[in-house]
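Position 36, counted from 1, in the sequence shown is what this note's numbering calls 39; the numbers after and before it change by one each time, with no gaps. In this text, a Cβ means the ideal position worked out from N, Cα and C, and glycines have one as well. These figures come from a predicted structure and were not determined experimentally. Structure first, then comments.
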Amino acid sequence: MVLFFFPVYAPTSASSDDEIEIFYDSIEHALTQTPKKDIIIVTSDWNAKIGSDNTHLESVMGRYGYEDRNERSDRLLEFATLHNLYICNTRFQQKANRKWTWASSDGVHKNMIDLVLTQNR
């Protein structure tokens, strides 16, 4: 058994849908090259806010996300579902100040956009 670690950086919300699809296609290609018996961990600044509502998404994320979703969350959740990946950041309850992974320079806006995904087994 081998551990495959994929550190990636997603295009920002200002990127076109085509750029986003190219990004996900490249990760999907890498995942399909990984033997099924091996362990996959994908870490990224996904630039996607997945929120905390995991209704109908229990196999992909826990109920301990942060804030609300943004326009890029649907594609990330679709990707995680398709590849049987779980968003580990949402698994355990934490204080709000331990959940966010990005803050604006003035500290007003805080988001959980750096996420760790691993296989559901």
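Please go through the same chain and pick out, in chain order, the residues whose beta-carbon is closer than 7 Å to the beta-carbon of T15, but skip the five residues on each side of it.
These residues qualify, in order along the chain: N50.
Along the chain, where does the beta strand (DSSP E) containing L120 start, and where does it finish?
Counting along the chain, the beta strand (DSSP E) containing L120 begins and ends at D117 to Q122.
Would you mind working out which of I30, F9, I116 and E31 sits nearest E74, comparing C-alpha positions?
The option with the nearest alpha carbon to E74 is I116.
For the beta strand (DSSP E) holding S47, just list the boundary residues, first then last.
First-last of the beta strand (DSSP E) with S47: I42 to D48.
Taking all protein chains shown into account, do 16 or more other C-beta atoms lie within 10 angstroms of the C-beta of F8, making it buried, or fewer, making it exposed?
Result: exposed.
If I measure Cβ to Cβ from F26 and keep anything under 7 Å in the same chain, skipping five residues before and after, which residues do I get?
So the list reads A13 and P14, once near-sequence residues are dropped.
Between V45, D77 and P38, which lies nearest to D56 when the distance is taken from Cα to Cα?
For D56, the nearest C-alpha among the options comes from D77.
In or out: V111 buried (at least 16 other Cβ within 10 Å) or exposed?
Label assigned to V111: exposed.
Where does F95 sit, in a helix, a strand or coil, going by DSSP?
Three-state DSSP puts F95 in coil, outside helix and strand.
Looking at the unbroken alpha helix (DSSP H) that takes in D109, where does it start and where does it end?
That residue, D109, is in no alpha helix (DSSP H); it is neither H nor E in DSSP.
If distances are taken between C-alpha atoms only, which option among G68, A99 and E22 comes closest to V119?
Per the Cα distances, G68.
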